[in-house]
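Participant: Encoded as structure tokens, here's the structure I'll be asking about.
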Amino acid sequence: MNFQLSLFLAALGLACFLEALPWLISPEKTRETLRLLLSLSDGQLRTGGILLLAFGLLVCAAGRALRGD
Numbered sequence: 064m065n066f067q068l069s070l071f072l073a074a075l076g077l078a079c080f081l082e083a084l085p086w087l088i089s090p091e092k093t094r095e096t097l098r099l100l101l102s103l104s105d106g107q108l109r110t111g112g113i114l115l116l117a118f119g120l121l122v123c124a125a126g127r128a129l130r131g132d
């Protein structure tokens, strides 16, 4: 397995782009969402984190399967 710097940088750039969109489109709604997240318990945040992590891994696996890796 080779480390591909160009792929890593493209993924990092896409992550930054997606992270910035809510702040650009609706900063007030983003603040409201952050306030809501602050009110959640540690368990709720962990559950959400695990679900998001699993979803991300499934998307990566699907992408690799479609590519034939």
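All letters in the sequence shown, in the order written, are residues 64 to 132 by the working numbering.
Every residue, glycine too, gets a C-beta built ideally from N, C-alpha and C.
Computed from a predicted structure; not experimentally measured.
1. If you reduce the DSSP assignment to three classes, tell me which class Q107 lands in.
2. Considering G76, what are the terminal residues of the alpha helix (DSSP H) in which it resides?
3. Whose C-beta lies closer than 8 Å to the C-beta of L100 among residues of the same chain, with five residues either side of it excluded?
Facilitator: Working from what's here:
1. helix
2. L68 to I88
3. L108
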